[in-house]
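Working notes, beginning with the structure itself.
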Amino acid sequence: MRHKKKAPVRGIRVAEQIQKDLAELIPRELRDPRLGFVTITDVELTPDYAYATVYFSVLTGSAETTEEALNDSSGYLRNLIFKKLHIHTVPTLRFKHDQSVERGAEMSQMIDRALKGEGGGATDSDGGGDGGGD
40 MRHKKKAPVR GIRVAEQIQK DLAELIPREL RDPRLGFVTI TDVELTPDYA YATVYFSVLT
100 GSAETTEEAL NDSSGYLRNL IFKKLHIHTV PTLRFKHDQS VERGAEMSQM IDRALKGEGG
160 GATDSDGGGD GGGD
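Pasting the structure below:
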């Protein structure tokens, strides 16, 4: 029972370490012109540590091109991580563009627009309501 409780914590620690290492290694070790400014947003490990899905966002450049470049370099990055991590199995890396950052920005813009629209309408209604009631 105790062993099962530790397994998920270990997986989280390994995923966090992979995320940290990749954040350092990608800008320092990769010289691929297809890469934009990459931020590693999350790493999800399979329970057996065989595969890691690495989510990233990109500030400059195409997300598709960056994803292709990262996946092309995944074997090299895996070897670099192997030298840093002290585990029996270093997972095979699969990179996927994290669209949640863009979706979050879009939602924030929609909320801002809605608030501006409501703010303007509330001012008109409040002004008209106060004047009509007196």
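For the sequence shown, my numbering assigns the number 40 to the initial residue and increments by one for each residue that follows. Note that the Cβ used here is the ideal one computed from N, Cα and C, for glycine as well. Given the structure is predicted, the values throughout are model-derived calculations rather than measurements.
7 Å CB neighbourhood of residue i in its chain, flanking five on each side removed
i: Gln-148; result: none
Element boundaries [alpha helix (DSSP H), containing residue i]
i: Leu-119; result: 113-123
For residue j and residue i, the rounded distance between their alpha carbons
i: Leu-61; j: Met-146; result: 28 Å
i: Glu-106; j: Gln-56; result: 21 Å
i: Gly-100; j: Gly-143; result: 19 Å
i: Val-48; j: Arg-67; result: 29 Å
i: Val-140; j: Lys-155; result: 23 Å
i: Arg-41; j: Gly-50; result: Residue confidence for Arg-41 is low, a pLDDT of 40 falling below 50, so the modelled location carries little weight; the figure read from the coordinates is stated next. If I take the Cα positions, the gap works out to 15 Å.
i: Asn-118; j: Leu-109; result: 14 Å
i: Leu-124; j: Gln-138; result: 28 Å
Per DSSP, cross-strand counterpart(s) of residue i
i: Lys-135; result: Tyr-94
Sequence-distant residues of its chain with Cβ nearer than 8 Å to residue i (five each side left out)
i: Lys-135; result: Thr-92, Val-93, Tyr-94, Phe-95 and Glu-106
i: Asp-111; result: Asp-71
i: Val-53; result: Leu-84, Tyr-88, Leu-124 and Ile-126
Contact set for residue i: own chain, Cβ-Cβ below 6 Å, skip 5 residues either direction
i: Thr-78; result: Ser-96
i: Leu-69; result: Ser-112
*Which runs of the alpha helix (DSSP H) spanning at least 4 residues fall entirely within the region 47-132, listed in chain order?*
102-111 and 113-123
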